[in-house]
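Inspection log for the structure reproduced underneath, given as structure tokens.
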Amino acid sequence: MSGLVLKLAPKERVLINGAVIENGDRRSRLAIMTPDAKILRLRDAIHPEDVKTPVRRTLFAVQLVLSGDKDVEKSHLSLLRQIEELSQVFTDSDSRQLLADASQAVIEKQHYRTLKALRALLPREERLLAVRPN
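Going by full-length UniProt numbering, the letters in the sequence shown line up with residues 1 to 134, in that order.
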């Protein structure tokens, strides 16, 4: 994860290699210099009870990689499969681009980029699930 820059709000928490760290009273920037550090901003975290949809399941799997709870190498193929399954539902060009970005980020082991691309699908998924056939 070298080159990762975290911009933290006051009192924001981040999980770094298993330790929860809380920012002080002012905004700050942290440059992460250690490659392969396990980092997850807790504001990005999804609670296990909220993992009820396909996109959220995939996001949760990425989150487990970022937190260090799942091995990157062992999760690689599974994440790519989950993203491929999402591409069977999200067929519009914007969603396809987000899924292509997420897949490429997994291949490059850039899991924050994967998280960002998949999070952009959440509003679309909510709209799809809100439409119920009669």
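Built from N, CA and C at the ideal position, the CB exists for glycine as well.
Only a predicted model underlies this, so the values are computations on that prediction, with no experimental measurement involved.
V106 counts as buried, since at least 16 other C-beta atoms from the protein chains shown sit within 10 angstroms of its C-beta. Within the model, the alpha-carbon separation for E84 versus A102 is close to 10 angstroms.
Counting only residues of its own chain and dropping the five nearest sequence neighbours on each side, S87 has a CB closer than 6 angstroms to the CB of L99.
Just measuring C-alpha positions, the residue of R29, V65, L128, S75 sitting nearest D92 is L128. Taking C-alpha positions only, H111 is separated from V62 by approximately 7 angstroms. The shortest C-alpha to C-alpha distance from P123 to any of V55, G18, D69 is the one to V55. According to the DSSP assignment, L121 belongs to no beta strand (DSSP E), since it is labelled neither H nor E.
Take the alpha-carbon of A37 and the one of L115: they are about 16 angstroms apart. Between R43 and K7, the alpha-carbon positions lie close to 12 angstroms from each other.
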